[in-house]
Amino acid sequence: AVAAAVVPAAGRGERLGPGAPKALRELGGVPLLVHAVRALARSRAVGLVVVAAPPDGVAEVAALLDNHGLDGKDIRVVAGGATRQESVRLGLAAIPAEVEIVLVHDAARPLVPVEVVDAVAAAVRAGAEAVVPAVPLADTVKRVEPQAGGGPEPVVDTPDRATLRAVQTPQGFRREVLHEVHEKALAEEASGGLPPVTDDAGLVERFGGRVVVVPGHEEAFKVTRPLDLVLAEAVLARRRA
Ligand code: C5P
Numbered sequence: 017a018v019a020a021a022v023v024p025a026a027g028r029g030e031r032l033g034p035g036a037p038k039a040l041r042e043l044g045g046v047p048l049l050v051h052a053v054r055a056l057a058r059s060r061a062v063g064l065v066v067v068a069a070p071p072d073g074v075a076e077v078a079a080l081l082d083n084h085g086l087d088g089k090d091i092r093v094v095a096g097g098a099t100r101q102e103s104v105r106l107g108l109a110a111i112p113a114e115v116e117i118v119l120v121h122d123a124a125r126p127l128v129p130v131e132v133v134d135a136v137a138a139a140v141r142a143g144a145e146a147v148v149p150a151v152p153l154a155d156t157v158k159r160v161e162p163q164a165g166g167g168p169e170p171v172v173d174t175p176d177r178a179t180l181r182a183v184q185t186p187q188g189f190r191r192e193v194l195h196e197v198h199e200k201a202l203a204e205e206a207s208g209g210l211p212p213v214t215d216d217a218g219l220v221e222r223f224g225g226r227v228v229v230v231p232g233h234e235e236a237f238k239v240t241r242p243l244d245l246v247l248a249e250a251v252l253a254r255r256r257a
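If you count by UniProt numbering, then the sequence shown holds residues 17 to 257, one letter each, in order.
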């Protein structure tokens with residue numbers, strides 16, 4: 017079964033500094049989004065990529081993807097939403113009903129190796145309902161009590177680092193599982209809501225589903241802050257050398 021991928025790319029990316037929407041910032045002269053879509057299209061597991069673009073940028077993004085050869089894969093562009101979650105839901109709605117495996121990949125992870133994409137899709141094909149690629153943490157992590165005034169934050173506890181993983185994308189799902197949790201989240205939002213989750217697997221967990229981890233890759237890091245762009249440029253230069 018061939019998978020489809022949803023790429024939420026409608027974020028402003030304010031932590032990266034002022035400028036174009038994050039997905040359209042350039043890395044090695046090519047927009048982050050184009051790198052991310054290429055990384056997915058390179059996988060033989062992926063037959064269709066749906067990009068959720070900024071609502072006012074659908075035509076621009078479609079033209080951009082047209083201008084970069086993308087391995088003859090089927091690429092569609094839809095309008096994204098006000099949150100990442102909404103962008104994913106809108107992208108998912110554009111996937112044909114017969115597709116059974118859906119990957120969700122951040123436009124902000126332009127350098128994910130194809131091996132990670134393949135491994136996530138393979139784990140879903142092998143029977144998992146939700147799969148996330150993840151890596152061990154270098155830093156020790158502490159839970160704190162955030163202070164409204166910005167003062168020193170009391171530490172609550174220190175989770176055992178050996179049991180923690182930093183989660184990346186693409187995350188892979190049985191399509192009906194992803195669809196169901198997004199619909200449930202939407203219904204809960206309408207009735208007052210729960211705190212937002214920051215990844216799709218988090219929604220599966222919230223509604224009692226089972227999520228498993230496969231090895232991620234250090235080059236699948238998310239471009240969030242200016243320093244991440246410096247690192248991404250260096251990784252790209254090394255690949256091109
Ligand atoms: O802001 P953050 O880095 O967590 O965004 C992760 C991904 O979600 C990015 O690819 C961003 O473009 C996307 N996003 C979106 N729609 C939003 C907000 C974020 O598609 N409204």
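A virtual CB, placed ideally from N, CA and C, is assigned to each residue, including glycine.
Alpha-carbon to alpha-carbon, residue j and residue i
i: G44; j: S207; result: 45 Å
i: H121; j: E42; result: 18 Å
i: L64; j: A139; result: 18 Å
i: A61; j: L243; result: 32 Å
i: L49; j: V93; result: 12 Å
i: L106; j: A75; result: 16 Å
i: R256; j: E161; result: 44 Å
i: A253; j: R100; result: 30 Å
i: P24; j: A113; result: 19 Å
i: R177; j: E131; result: 26 Å
i: P47; j: R141; result: 31 Å
i: A78; j: V22; result: 15 Å
i: H84; j: G166; result: 45 Å
i: V118; j: R241; result: 28 Å
i: A20; j: I111; result: 7 Å
i: E199; j: V251; result: 38 Å
i: P129; j: F223; result: 30 Å
Element boundaries [alpha helix (DSSP H), containing residue i]
i: G218; result: 216 to 222
i: Q101; result: 100 to 108
i: A68; result: Note, A68: premise wrong, no alpha helix (DSSP H); beta strand (DSSP E) at 62 to 69.
i: A39; result: No alpha helix (DSSP H) contains A39, which DSSP labels as neither H nor E.
i: R31; result: Careful: R31 lies outside any alpha helix (DSSP H) and carries neither H nor E.
i: G227; result: Gly is not the amino acid found at residue 227; the sequence shown has Val there. V227 -> no alpha helix (DSSP H), and no H or E assigned at all.
i: R141; result: 130 to 141
i: V74; result: 74 to 83
i: R54; result: 48 to 57
Limits of the unbroken beta strand (DSSP E) element including residue i
i: R181; result: 181 to 183
i: L119; result: 117 to 120
i: P242; result: Here P242 belongs to no beta strand (DSSP E); instead the alpha helix (DSSP H) covers 242 to 256.
i: D173; result: 171 to 173
i: V151; result: 146 to 152
i: D90; result: 90 to 95
i: A20; result: 19 to 24
i: residue 259; result: Nothing can be reported for residue 259, as the shown portion of the chain is limited to 17 through 257.
Own chain partners of residue i with C-beta closer than 8 Å, once the 5 adjacent residues on each side are dropped
i: A135; result: P149, V230, P231
i: V193; result: E145, A146, V220, G225
i: L245; result: L32, R41, L43, V239
Neighbourhood of residue i by C-beta, 6 Å cutoff - its chain only, sequence neighbours within 5 removed
i: P70; result: A26, P37
i: Q163; result: E169
i: D173; result: R159
i: A95; result: P71, V74
i: T156; result: R177
i: F189; result: V118, A146
Close beta carbons around residue i, own chain, < 7 Å, minus the five adjacent residues each side
i: H51; result: L43, P126, L127
i: E196; result: none
i: residue 259; result: Because the chain spans 17 through 257 in this model, residue 259 falls outside it and cannot be assessed.
i: A201; result: Q101, L219
i: E204; result: L210
Residue i beta carbon near the ligand MN (any heavy atom closer than 7 Å)
i: A68; result: The ligand MN is absent from the structure shown, which contains only the ligand C5P.
- Item | Inter-stretch contact (C-beta, 8 Å, three-pair minimum) for the segment 173 to 184 and the segment 228 to 241 | Below 8 Å, enough C-beta pairs join the segment 173 to 184 and the segment 228 to 241 to call them touching: three or more.
- Message: Between the segment 52 to 61 and the segment 78 to 91, can you find at least three pairs of beta-carbon atoms closer than 8 Å?
- Response: Yes, since at least three Cβ pairs between the segment 78 to 91 and the segment 52 to 61 fall closer than 8 Å, the two stretches touch.
- Message: I want to know whether the segment 200 to 220 touches the segment 146 to 160 - three or more CB-CB distances under 8 Å.
- Response: With a cut-off of 8 Å, the segment 146 to 160 and the segment 200 to 220 count as touching, because enough Cβ pairs lie within range.
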